[in-house]
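Numbering (this note's numbering), first residue to last: 55 to 292.
Quick reminder that beta carbons are idealized off the backbone N, C-alpha and C, glycines included.
These numbers were taken from a predicted model, which means no experiment stands behind them.
Now the structure itself:
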């Protein structure tokens, strides 16, 4: 898998090869959750999904030829698959999680930011700690011109306490978590007030009419984040 991650990083750093998407799926994600892809991959196949500009295909194929560990299994303009898998962008980002949930409804996920310059080291460490409990799904991004990874890691859910442990371990390693299991901006991200967001809220929604309860800082500027925030005006179910 780390070879696949390095491949995606190396390709993304080739300024002469125009790509729009570079997604890395750790085995067995492709085999277990991508029904149209599964017949063409093995249990141990780490898959990379790419969108390459047509005018960059020759350059990409030259790049690929220098990577003997990688094999091109499908391209949408030249293939012999009995059934096309559909657009590659419908496999990346949150589409990955949705496809996994169709097969295993107990799966959940986390959003992780692996920042430059030690993004690869962080991914490797997370894999070493969690193994198959947290199958890796990486999306290549650029931040200030540098290639980094966004992780939309699948999580084989067991308990809420274990999920909290997984989040804490990520954060202890310097991996920023955007927690999709929290409904407030602060708890889902930096665990602190974001002055830029607050200033924008004051400008765009001065009466606080939009999305009430979504921004802790707006309602309770002194909240200490030692416990999960409960919006005081939340109506009870039923």
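Quiz item: Is it true that the region 169 to 176 meets the region 142 to 149, where meeting means three or more beta-carbon pairs spaced less than 8 Å apart?
Solution: Result no; under three Cβ-Cβ pairs closer than 8 Å.
Quiz item: Excluding sequence positions up to five away, which residues of its chain have a Cβ less than 6 Å from the Cβ of residue 102?
Solution: Excluding the 5 residues flanking it on each side, residue 102 has same chain C-beta neighbours closer than 6 Å at 58, 62, 78, in chain order.
Exercise. May I ask which residues mark the beginning and end of the alpha helix (DSSP H) holding residue 179?
Key: Where residue 179 is concerned, the enclosing alpha helix (DSSP H) stretches over 173 to 184.
Quiz item: Are the region 63 to 77 and the region 106 to 121 in contact at 8 Å, needing three or more beta carbon pairs?
Solution: Contact check between the region 63 to 77 and the region 106 to 121: three or more CB pairs, one atom from each, fall below 8 Å, which counts as touching.
Quiz prompt | the region 176 to 185 touching the region 221 to 241, judged by at least three CB pairs closer than 8 Å | solution = These segments touch.
Quiz item: Looking only at its own chain, which residues have a Cβ that is under 8 Å from the Cβ of residue 275, when we skip the five neighbours before and after it?
Solution: For residue 275, same chain residues with a beta-carbon under 8 Å away, outside a window of 5 residues either side, are 247 in chain order.
Quiz prompt | Nearest candidate by alpha-carbon position, reference residue 272, set 240, 119, 282 | solution = From the listed residues 240, 119, 282, the smallest Cα separation to residue 272 is found for 240.
Quiz item: Buried or exposed: residue 249, going by 16 or more other Cβ atoms within 10 Å of its Cβ?
Solution: Classification of residue 249: exposed, given that the 10 Å Cβ count is below 16.
Quiz item: Where residue 152 and residue 158 are concerned, what is the direct C-alpha to C-alpha distance, given to the nearest angstrom?
Solution: Computed Cα separation, rounded: 10 Å.
Practice problem: Would you kindly work out how many angstroms separate the C-alpha atoms of residue 105 and residue 76, rounded to a whole number? | Solution: Approximately 7 Å, taken between the alpha carbons.
Practice problem: Return the CA-CA distance between residue 86 and residue 268, expressed in angstroms with no decimal places. | Solution: Approximately 36 Å between the Cα atoms of the pair.
Quiz item: Between the beta-carbon of residue 83 and the beta-carbon of residue 189, is there less than 7 Å?
Solution: At a Cβ-Cβ threshold of 7 Å, residue 83 and residue 189 count as neighbours.
Practice problem: Indicate the three-state DSSP secondary structure (helix, strand or coil) for residue 196 in the structure shown. | Solution: Strand, per DSSP.
Practice problem: Measure from the alpha carbon of residue 137 to the alpha carbon of each residue in 162, 227, 89, then state which is nearest. | Solution: Per the Cα distances, 89.
Quiz prompt | Expected contact under 8 Å - CB spacing of residue 228 and residue 176 to nearest Å | solution = Sure, about 7 Å apart at Cβ, within 8 Å.
Quiz item: What's the gap between the Cα of residue 179 and the Cα of residue 55?
Solution: Distance between the alpha carbons of residue 179 and residue 55 is about 12 Å.
Practice problem: State the Cα-Cα distance for the pair residue 264 and residue 253, rounded to the nearest angstrom. | Solution: When the Cα atoms are used, residue 264 and residue 253 turn out to be separated by approximately 15 Å.
Quiz prompt | Residue of 155, 154, 150 minimising C-alpha distance to residue 192 | solution = Distances from the CA of residue 192 to each of 155, 154, 150 were compared; the closest alpha carbon is that of 150.
Quiz item: Which residue from 120, 195, 65, 154 puts its Cα closest to that of residue 210?
Solution: Cα-wise, what sits closest to residue 210 is 154.
Quiz item: Measuring CA to CA, which of 232, 287, 194 is closest to residue 67?
Solution: The residue with the shortest Cα to Cα distance from residue 67 is 194.
Practice problem: Assuming residue 208 and residue 163 form a contact by the criterion Cβ under 8 Å, report the distance between their Cβ atoms to the nearest whole angstrom. | Solution: For residue 208 against residue 163, the beta-carbon gap comes to about 5 Å, under 8 Å, which counts as contact.
Quiz item: Which residues in the same chain as residue 270 place their Cβ atom closer than 6 Å to its Cβ, once the five residues preceding and following it in sequence are excluded?
Solution: Cβ neighbours of residue 270 beyond the five flanking positions: 238, 240, 277, 283.
Quiz item: Among 262, 126, 287, which one has its Cα closest to the Cα of residue 4?
Solution: One cannot answer for residue 4 here, as it falls past the ends of the chain, which runs 55 to 292.
Quiz item: Starting from residue 76 and walking both ways along the beta strand (DSSP E), at which residues does that stretch end?
Solution: Here the beta strand (DSSP E) through residue 76 covers 73 to 79.
Quiz item: What does a CB cutoff of less than 7 Å around residue 262 pick up in its chain, not counting 5 residues either side in sequence?
Solution: For residue 262, where only same-chain residues beyond five positions count, the Cβ hits under 7 Å are 272.
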